[in-house]
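Asker: Got a structure for you, written out below as structure tokens; questions coming shortly.
Number of protein chains: 2
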Amino acid sequence: MTKLSIASWNVNSVRLRAEPLIAPFVAKAQPDVLCLQEIKCLEEQFPEKTFRAMGYEHFHIRGQKGMHGVAIASKLPLEDLGDEAICPREEARHQRVGVAGIELHNFYVPAGGDEPDVETNPRFAHKLEFVDRMRDYFGARNTKKDKILILGDFNIAPTENDVWSHKQLLKVISHTPVEVEKLNAVIDAGDFVDVAREVIPEPEKIYTWWSYRARDYKASNRGRRLDHIWVTPPLKDAALAKGRDGFRIYEPERGREKPSDHVPVVLDLVL
Amino acid sequence: MTKLSIASWNVNSVRLRAEPLIAPFVAKAQPDVLCLQEIKCLEEQFPEKTFRAMGYEHFHIRGQKGMHGVAIASKLPLEDLGDEAICPREEARHQRVGVAGIELHNFYVPAGGDEPDVETNPRFAHKLEFVDRMRDYFGARNTKKDKILILGDFNIAPTENDVWSHKQLLKVISHTPVEVEKLNAVIDAGDFVDVAREVIPEPEKIYTWWSYRARDYKASNRGRRLDHIWVTPPLKDAALAKGRDGFRIYEPERGREKPSDHVPVVLDLVL
DNA sequence: GTAGCTGTGG
DNA sequence: CCACAGCTAC
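Quick look at the structure:
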């Protein structure tokens, strides 16, 4: 019976957030594995020293100049499982490692631009194709037997209670029916358990992201649940063992000085 | 017998420095009049509120979008003496006010670009013309009788001991012979007293600026004296009354977090 | 609103 | 190295 705690956080530039935001968070939350999205730097620019000072010795980084990028910092050794066909390596939106006997996938799904129309907006087309490739990949895996945990910024808020206003967001990318349908197809293809909704059932609202554009994110509270942690059936008991206490959304991080627009989500697995 | 203390500081963006850099400096040094250069904002963007909180109620601002710009914040009333023909108002490099019976000029002399050649570098030509216009202006004034104080970032280090290496800077704009000659012509034309060199004689080194490009400004100490305070003869006794103690260069300001590349210089006048 | 980019200016 | 501008992206 060991506890493994895994965090996911879109930090919107790791170089800007490491010292002032991520380090204080880690001092409190102490996750064993920290999965980041939108690191916005090349691998060689990742501030490893700062993370070593926080107690992380193992790294797996997929970076790009200035945009996107994902990284995993871990207290436990990471096993390189090789690249998968979900997106080209240079897109720096996906990485896969083995940790503590679990296959861990960290995703930064494309945001998709403004217009929810694949004819006029190639970014939206790219987003939908990306999610289709996730579906195809996990559909081809033996997810009923393999211990797989996938997480990250999926940039889609699937249910009515994952957004502040279902009605007002139906035509806003992140909550359009076509995106929601495709995300649910990934769930079905991989037999995934959506941990957040398992421990915090509908109709309770869940948000992990609040736009920078609001003057006071807390007052207007127009959030969305864009960040997710899913597990395959062999990990379901481990993920739900601690119930609601085992899954935490660190909402106060949104209220810090110079915050990310996303907050960390953390899952304690009891293995 | 009243004391009037006047500061000059090229702050390299007043919006960025007001709260974190200028306010703490003012809390210590308490100058009555604060003359700034390179405010890098329009008049309406000047953070007057922050300066009011520091005790300054009177303002005279010459701003431009993003570049250059000079401003005077004062605890004593400022008299608008009107614009002078030294540079077009929109260039935002010069202002003139009356304060405590003194005519005060605040200058931001053009930097002059890289190549010290008027044929190939129009910025250098502009700088030399600017200094010529200073010479012509003060040459036409009755400087033997009028109480005039001029200060600011003159962007010229006149003497060998105003730079870390006379030899290495002879062809570097700020210390070329043609610039030094023209700056000395302003001194002569206005019968000015160079207060710093009066109270800190040669060969002592004096610097007010250290490049951002040095990794450690203090270790390499490759400074230049680009910021000056000069007075006409009727103010000489007032300016020198306190001797060396009356003229201070706040060098530690260069070592702060996010500093300007210039440090403040302050003169106490005994009137 | 925030943070990258390239380019200019210092 | 630093800070604008104007740009793109989220």
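For the protein sequence lines, the chains are X and H, in the order given.
Going by the working numbering, 77 is the number at position 50 of the first sequence; the sequence numbering is gapless.
Going by the working numbering, 95 is the number at position 68 of the second sequence; the sequence numbering is gapless.
All C-beta atoms, glycine included, are put in the ideal place defined by N, C-alpha and C.
Just so you know, these numbers come straight off a predicted model, no measurement behind them.
1. Among Ala152/X, Asn148/X, Glu46/X and Trp237/X, which residue has its Cα nearest to the Cα of Trp191/X?
2. Short of 8 Å in beta carbon distance, which residues of its chain neighbour Ala112/H, apart from the five on each side in sequence? Order them along the chain.
3. For Glu117/H, which residues in the same chain have their Cβ closer than 8 Å to its Cβ, ignoring the five residues on either side in sequence?
4. Who are the Cβ neighbours of Lys171/X in its own chain at under 8 Å, not counting the five residues just before and after it?
5. Sort out for me which residues DSSP pairs Gly125/X with in a bridge.
6. Please list the terminal residues of the continuous beta strand (DSSP E) segment that includes Gln64/H.
7. Near Tyr239/H, what residues of its chain come up, given a Cβ to Cβ distance below 6 Å and the 5 sequence neighbours on each side ignored?
8. Return the chain-ordered ranges of every beta strand (DSSP E) run that is complete within the region 237 to 298 of chain H and spans a minimum of 3 residues.
9. If Asn188/X sits next to Glu229/X, beta carbons under 8 Å apart, how far is it from one beta carbon to the other, in whole angstroms?
10. Per the DSSP calculation, Tyr164/X is bridged to which residue(s)?
11. Let's test the definition: count the other Cβ atoms within 10 Å of the Cβ of Asn39/H and tell me whether it reaches 16, buried, or not, exposed.
12. For Asn21/X, count neighbouring Cβ atoms within 10 angstroms of its own Cβ and tell me buried if that reaches 16, exposed if not.
13. My understanding is that Leu294/X touches Val222/X, with C-beta atoms under 8 Å, so please give their C-beta distance in whole angstroms.
14. Going by the CB atoms, is the gap between Pro291/H and Glu280/H shorter than 8 Å?
15. I need the boundaries of the alpha helix (DSSP H) containing Lys232/H, first residue and last residue.
16. With a threshold of 6 Å on Cβ separation, who are the neighbours of Val220/X within its own chain once the five nearest residues in sequence on each side are excluded?
17. Rounded to a whole number of angstroms, what is the C-alpha to C-alpha distance between Leu296/X and Ile129/X?
18. Do Leu105/X and His121/X count as a contact pair if the criterion is CB distance below 8 Å?
19. Taking the beta carbon of Thr29/X as the centre, do at least 16 other beta carbons fall within 10 Å, making it buried, or is it exposed?
20. Looking at the secondary structure, which residues open and close the beta strand (DSSP E) in which His87/X lies?
21. Suppose you measure from the CA of Lys102/H to the CA of His202/H; what does that come to, to the nearest Å?
22. Which of helix, strand or coil does DSSP assign to Ile99/H?
Answerer: A quick look at the data gives this:
1. Looking up residue 191/X in the first sequence gives position 164. Across the set Ala152/X, Asn148/X, Glu46/X and Trp237/X, the C-alpha of Trp237/X shows the shortest separation from the C-alpha of Trp191/X.
2. The residue you call residue 112/H lines up with position 85 of the second sequence. Take Ala112/H, set aside five residues on each side of it, and the residues of its chain with a beta-carbon closer than 8 Å to its own are Arg160 and Tyr164, in chain order.
3. As a position in the second sequence, residue 117/H is number 90, starting the count at 1. Same-chain partners within the cutoff: Gln91.
4. Here residue 171/X is taken as the residue at index 144 of the first sequence, counted from 1. Around Lys171/X: Asp218, Thr259, Pro260 and Pro261.
5. For this step, residue 125/X is matched to residue 98 along the first sequence. In DSSP, Gly125/X forms a bridge with Glu106/X and Glu130/X.
6. As a first step, residue 64/H is located in the second sequence; it is residue number 37 there, counting from the start. Gln64/H -> beta strand (DSSP E) spans Val60 to Gln64.
7. The sequence position of residue 239/H within the second sequence is 212, counting from 1. Contacts found: Asp288.
8. Within the region 237 to 298 of chain H, the runs of beta strand (DSSP E) that reach at least 3 residues and sit entirely inside it are, in chain order, 254 to 258, 274 to 276 and 292 to 297.
9. To locate residue 188/X, count along the first sequence from 1; it is residue 161. To locate residue 229/X, count along the first sequence from 1; it is residue 202. Cβ-Cβ separation between Asn188/X and Glu229/X: approximately 5 Å, consistent with a contact (criterion under 8 Å).
10. Stepping through the first sequence from its first residue, residue 164/X is reached at position 137. Within the DSSP secondary-structure output, Tyr164/X pairs in no beta bridge.
11. In the second sequence, the residue the question calls residue 39/H occupies position 12. By the C-beta density criterion, Asn39/H is buried, having at least 16 other C-beta atoms within 10 angstroms.
12. Absent from the structure is residue 21/X, since the part of chain X shown begins at 28 and ends at 298.
13. Walking along the first sequence from the start, residue 294/X turns up at place 267. Walking along the first sequence from the start, residue 222/X turns up at place 195. The Cβ separation is near 6 Å, so the contact holds.
14. Here residue 280/H refers to the residue found at position 253 of the second sequence. Here residue 291/H refers to the residue found at position 264 of the second sequence. Yes, the pair counts as a contact, with Cβ atoms nearer than the cut-off.
15. Residue numbering aside, residue 232/H sits at position 205 when the second sequence is read from its first letter. Careful: Lys232/H lies outside any alpha helix (DSSP H) and carries neither H nor E.
16. Counted from its first residue, the first sequence places residue 220/X at position 193. If we look at Val220/X and ignore the five residues flanking it on each side, its Cβ neighbours are Val258 and Lys263.
17. Within the first sequence, numbered from 1, the residue matching residue 296/X stands at position 269. Within the first sequence, numbered from 1, the residue matching residue 129/X stands at position 102. Distance between the alpha carbons of Leu296/X and Ile129/X is about 11 Å.
18. Counting from 1 along the first sequence, the entry for residue 121/X is found at position 94. Counting from 1 along the first sequence, the entry for residue 105/X is found at position 78. Annotated as distal: His121/X and Leu105/X, with beta-carbon spacing of 8 Å or more.
19. By one-based count along the first sequence, residue 29/X stands at place 2. With fewer than 16 other Cβ atoms from the protein chains shown falling within 10 Å of its own Cβ, Thr29/X counts as exposed.
20. Taking the first sequence and counting its residues from 1, the one referred to as residue 87/X is at position 60. Run containing His87/X: His85 to Arg89, per the beta strand (DSSP E) assignment.
21. Counting from 1 along the second sequence, the entry for residue 102/H is found at position 75. Counting from 1 along the second sequence, the entry for residue 202/H is found at position 175. The straight-line gap from Cα to Cα measures roughly 35 Å.
22. Working through the second sequence from its first residue, we reach residue 99/H at position 72. Collapsing the DSSP output to three states places Ile99/H in a strand.
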